[in-house]
Amino acid sequence: MPNNACILTEGDEDYEKSLVRWADNAIKKAGIVVQAASLDDIVKTVKFASKNNLDFAVCCGGHSTSGGSSSEGGVVLDLRKLNNVRVDVENKLIYAQGGALAAEVDDEAWKYGLATVLGIVNHTGIGGLTLGGGFGHLTGRHGLSIDNLVGATIVTADGEVRELSASKNEDLFWAIRGCGINFGVVYEFIFKAHEQKEVFAGLIVYPPEKLESVIEAINLWLKDHREEDGGATFVFARFPPDLQPVIAMCLFSNDPSEQVFRERFATIYKCGEPLMEQVGCMPYPKVNTLVGDFVTFGDRKGILNAHISRLNISTLREVYDSYVKFTQENPLAAQTFINFDIFGSKKFASVPPEATAFSPRKPFYNVIIAQRWKNEQDDKTIYDWSKSIQSTLERDGDKSLYVNFVDIADNIGYDEERVKNIWGNNFQKLKELKRKYDPNVFFRKGAVIWP
Ligand SMILES: Cc1cc2nc3c(=O)[nH]c(=O)nc-3n(C[C@H](O)[C@H](O)[C@H](O)COP(=O)(O)OP(=O)(O)OC[C@H]3O[C@@H](n4cnc5c(N)ncnc54)[C@H](O)[C@@H]3O)c2cc1C
Numbered sequence: 001m002p003n004n005a006c007i008l009t010e011g012d013e014d015y016e017k018s019l020v021r022w023a024d025n026a027i028k029k030a031g032i033v034v035q036a037a038s039l040d041d042i043v044k045t046v047k048f049a050s051k052n053n054l055d056f057a058v059c060c061g062g063h064s065t066s067g068g069s070s071s072e073g074g075v076v077l078d079l080r081k082l083n084n085v086r087v088d089v090e091n092k093l094i095y096a097q098g099g100a101l102a103a104e105v106d107d108e109a110w111k112y113g114l115a116t117v118l119g120i121v122n123h124t125g126i127g128g129l130t131l132g133g134g135f136g137h138l139t140g141r142h143g144l145s146i147d148n149l150v151g152a153t154i155v156t157a158d159g160e161v162r163e164l165s166a167s168k169n170e171d172l173f174w175a176i177r178g179c180g181i182n183f184g185v186v187y188e189f190i191f192k193a194h195e196q197k198e199v200f201a202g203l204i205v206y207p208p209e210k211l212e213s214v215i216e217a218i219n220l221w222l223k224d225h226r227e228e229d230g231g232a233t234f235v236f237a238r239f240p241p242d243l244q245p246v247i248a249m250c251l252f253s254n255d256p257s258e259q260v261f262r263e264r265f266a267t268i269y270k271c272g273e274p275l276m277e278q279v280g281c282m283p284y285p286k287v288n289t290l291v292g293d294f295v296t297f298g299d300r301k302g303i304l305n306a307h308i309s310r311l312n313i314s315t316l317r318e319v320y321d322s323y324v325k326f327t328q329e330n331p332l333a334a335q336t337f338i339n340f341d342i343f344g345s346k347k348f349a350s351v352p353p354e355a356t357a358f359s360p361r362k363p364f365y366n367v368i369i370a371q372r373w374k375n376e377q378d379d380k381t382i383y384d385w386s387k388s389i390q391s392t393l394e395r396d397g398d399k400s401l402y403v404n405f406v407d408i409a410d411n412i413g414y415d416e417e418r419v420k421n422i423w424g425n426n427f428q429k430l431k432e433l434k435r436k437y438d439p440n441v442f443f444r445k446g447a448v449i450w451p
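For reference, each letter of the sequence shown is one residue, going 1 to 451 in the UniProt record's numbering.
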């Protein structure tokens with residue numbers, strides 16, 4: 001291997017550090033960690049692990065709560081050194097290596113007044129995020145991350161390097177856009193870049209008694225303004241320092257003007273005096289830092305997902321009350337939160353479900369039940385409560401799921417219904433492609449046990 005790859009085993013100075021993940025429960029004791037520094041390192045590591053039939057995981061940002069980027073005793077291919085981002089300004093393309101974080105892409109593109117669609121928390125890795133679909137503030141205007149992916153270089157289970165695009169290895173290119181982590185290691189992504197101005201955005205926090213009026217205001221806003229350039233996320237959370245329950249919102253207007261922002265969110269501002277308001281004009285990358293400090297590394301974590309098609313006040317009241325009660329009774333889980341993403345959906349829903357492996361191509365609001373707690377003995381209590389919240393929310397939506405918010409712990413064994421909920425009718429084709437490109441199921445961390 002080239003000199004700058006680094007191989008770590010237990011006892012080496014950086015070994016423990018290399019195992020750290022966003023969720024403590026995703027940390028596993030790898031047999032070997034390979035910190036790759038080149039495409040060749042990836043090829044050699046895949047061939048070595050595959051030939052020796054070793055458990056194998058790839059790590060980019062380390063944000064999956066499932067342990068999908070960790071291995072107990074096996075090989076971890078750590079891509080964090082492969083984080084170079086290059087912008088081709090003339091052709092409006094971003095070449096990002098498979099270990100880059102969203103922040104690294106946002107910041108480099110912004111130097112040229114450009115951006116692509118990545119997530120709203122810039123410390124997530126682009127690897128997992130893109131390969132599952134990828135939602136963010138720019139989704140309303142430009143669709144999902146995969147809708148902006150024009151090419152990739154991937155190493156498949158046989159150690160082959162393959163270039164993927166709409167005209168090269170089209171079947172694999174189709175598969176990695178929504179089911180990517182099951183098909184190979186992406187060395188490089190190529191994204192479309194879009195011209196991007198400064199934005200007006202920020203956080204606004206309301207007290208609990210405003211719940212009904214906030215939801216009503218959001219519904220009014222959605223009636224007239226569910227649009228490409230305005231988005232919101234709202235969260236049931238307990239805010240530091242005293243961890244009082246609140247309704248916090250991150251409002252996003254893809255326009256630098258304060259007037260446009262105030263007009264866009266006028267119904268929300270009619271809810272009355274917020275507890276806290278921090279809004280302003282900012283460079284685009286900054287908007288993806290606004291909530292980062294509330295979702296730090298550390299503690300045990302799990303994520304459950306629901307897709308709802310309407311914001312029903314009585315359901316949300318039930319969910320809110322349950323949230324407050326649960327976090328009061330379980331103070332070590334007080335940093336748990338429930339997040340509702342409201343991004344414009346026209347663009348991503350205009351792509352047919354069979355055009356890429358990502359199947360839930362319809363308008364929905366993504367709900368994330370993000371659990372955070374301290375002790376292993378509470379795992380089941382937290383999980384059971386989260387499941388009950390998921391079922392309550394499903395009353396206002398369906399059972400479709402976004403693979404990036406599916407915790408593998410929630411997916412023990414092969415579950416036909418679960419697979420349908422994630423990939424819909426695309427699963428049959430994915431199964432055939434899995435047999436073609438990875439018949440021995442070398443990539444096995446991807447939210448499904450292949451039948
Ligand atoms: C705080 C937080 C905020 C989030 N916000 C958003 C959001 O705004 N929008 C959104 O869509 N999602 C969001 N997510 C979900 C996120 O997309 C997933 O957690 C995703 O798996 C994170 O990718 P990662 O590279 O950081 O994770 P990792 O744990 O490193 O990897 C996740 C999976 O992807 C595989 N993988 C990673 N890189 C590669 C690669 N280069 N080639 C092949 N396989 C690879 C790994 O093997 C693993 O199975 C968020 C998650 C968190 C925790």
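The C-beta atom is built at its ideal place from N, Cα and C for all residues, glycine as well. Being a predicted model, the structure only gives us computed values, none of them experimental.
- prompt: Does DSSP classify R252 as helix, strand or coil?
  reply: Residue mapping note: residue 252 aligns to position 252 of the sequence shown, counting from 1. Looking at the sequence shown, residue 252 is not Arg but Phe. Three-state result, F252: strand.
message: Contact defined as beta carbons within less than 8 Å: I believe F191 pairs with A37. What is the distance between those atoms, to the nearest angstrom?
response: Taking the sequence shown and counting its residues from 1, the one referred to as residue 191 is at position 191. Taking the sequence shown and counting its residues from 1, the one referred to as residue 37 is at position 37. Contact doesn't hold; Cβ gap of about 22 Å is too wide.
query: Is the CB-CB distance between S322 and G424 below 7 Å?
result: For this step, residue 322 is matched to residue 322 along the sequence shown. For this step, residue 424 is matched to residue 424 along the sequence shown. No, the pair does not count as a contact, with Cβ atoms beyond the cut-off.
message: Report the CB separation of I154 from A217 in whole angstroms; it is logged as a contact under 8 Å.
response: The count along the sequence shown starts at 1 and reaches residue 154 at position 154. The count along the sequence shown starts at 1 and reaches residue 217 at position 217. With a Cβ gap of about 45 Å, I154 and A217 do not count as contacting.
query: In three-state DSSP terms, what is P2?
result: Sequence index remark: in the sequence shown, residue 2 carries index 2 (1-based). Annotation note: pLDDT 45 at P2 (below 50); position unreliable, coordinate value reported separately. P2 falls in the coil class under three-state DSSP.
- prompt: Taking all protein chains shown into account, do 16 or more other C-beta atoms lie within 10 angstroms of the C-beta of Q371, making it buried, or fewer, making it exposed?
  reply: For the purposes of this step, residue 371 is taken as residue 371 along the sequence shown, with counting starting at 1. Under this definition Q371 is a buried residue.
task: Assign L290 to one of three DSSP states: helix, strand, or coil.
output: Translated into positions along the sequence shown, residue 290 becomes position 290. Correct three-state label for L290: coil.
query: How about H307 and S165: do their beta carbons lie closer than 7 Å?
result: Translated into positions along the sequence shown, residue 307 becomes position 307. Translated into positions along the sequence shown, residue 165 becomes position 165. No; because the gap between Cβ atoms is not below 7 Å, this pair is not in contact.
query: At a cut of 8 Å, does the segment 326–338 reach the segment 265–279 through at least three beta carbon pairs?
result: no
- prompt: Going by Cα to Cα distance, which pick from R80, H137, D78 and K47 is closest to T289?
  reply: For the purposes of this step, residue 289 is taken as residue 289 along the sequence shown, with counting starting at 1. Considering only alpha carbons, the answer is H137.
- request: Would you mind reading off the limits of the alpha helix (DSSP H) that contains N421?
  value: By one-based count along the sequence shown, residue 421 stands at place 421. Its alpha helix (DSSP H) spans residues E416 to W423.
query: Going by C-alpha distance, which of V89, L433 and R310 is nearest L393?
result: Residue 393 sits at position 393 when you count from the first residue of the sequence shown. Of V89, L433 and R310, the residue nearest in Cα terms is R310.
- prompt: Looking at the structure shown, is A370 part of a helix, part of a strand, or coil, going by DSSP?
  reply: Within the sequence shown, residue 370 is the residue found at index 370, counting from 1. Correct three-state label for A370: strand.
query: Is the Cβ-Cβ distance between V33 and V89 less than 7 Å?
result: In the sequence shown, residue 33 corresponds to position 33, counting from 1. In the sequence shown, residue 89 corresponds to position 89, counting from 1. Result no, Cβ atoms of V33 and V89 do not sit closer than 7 Å.
task: For V186, verify whether its CB is less than 6 Å away from any heavy atom of ligand 1.
output: One-based indexing of the sequence shown puts residue 186 at position 186. Checking every heavy atom of ligand 1 against the Cβ of V186, one is found closer than 6 Å.
- request: Report whether the distance from the Cβ of G136 to the nearest heavy atom of ligand 1 is below 6 Å.
  value: For the purposes of this step, residue 136 is taken as the residue at position 136 of the sequence shown. The answer is yes for G136.
- prompt: If we call anything under 7 Å between Cβ atoms a contact, is F304 one with S391?
  reply: As a working mapping, residue 304 is identified with position 304 in the sequence shown. As a working mapping, residue 391 is identified with position 391 in the sequence shown. As written in the sequence, residue 304 is Leu, which differs from the Phe given in the question. No. Outside cutoff.
message: DSSP three-state label for F183, please.
response: Within the sequence shown, numbered from 1, the residue matching residue 183 stands at position 183. Coil, per DSSP.
- prompt: Mind checking whether M249 and I181 have CB atoms under 7 Å apart?
  reply: Reading the sequence shown from its first residue, position 249 is the one you call residue 249. Reading the sequence shown from its first residue, position 181 is the one you call residue 181. No, Cβ-Cβ distance for M249 and I181 is not below 7 Å.
field: Beta-carbon proximity list for D396, same chain, < 7 Å, skipping 5 on both sides
entry: Translated into positions along the sequence shown, residue 396 becomes position 396. Only I308, S309, R310, N312 and T315 meet the Cβ criterion.
query: Going by the beta-carbon positions, is the gap between A193 and A103 smaller than 7 Å?
result: Residue numbering aside, residue 193 sits at position 193 when the sequence shown is read from its first letter. Residue numbering aside, residue 103 sits at position 103 when the sequence shown is read from its first letter. For A193 and A103, no; Cβs fall outside 7 Å.
field: Integer Cβ distance of G99 from C60, believed to fall under 8 Å
entry: Position 99 of the sequence shown, counted from the first residue, corresponds to residue 99. Position 60 of the sequence shown, counted from the first residue, corresponds to residue 60. With 8 Å as the limit, G99 and C60 qualify as a contact, their Cβ atoms being about 5 Å apart.
- prompt: So does I181 have its beta carbon nearer than 6 Å to some heavy atom of ligand 1?
  reply: Position 181 of the sequence shown, counting from 1, holds the residue named residue 181. Checking every heavy atom of ligand 1 against the Cβ of I181, one is found closer than 6 Å.
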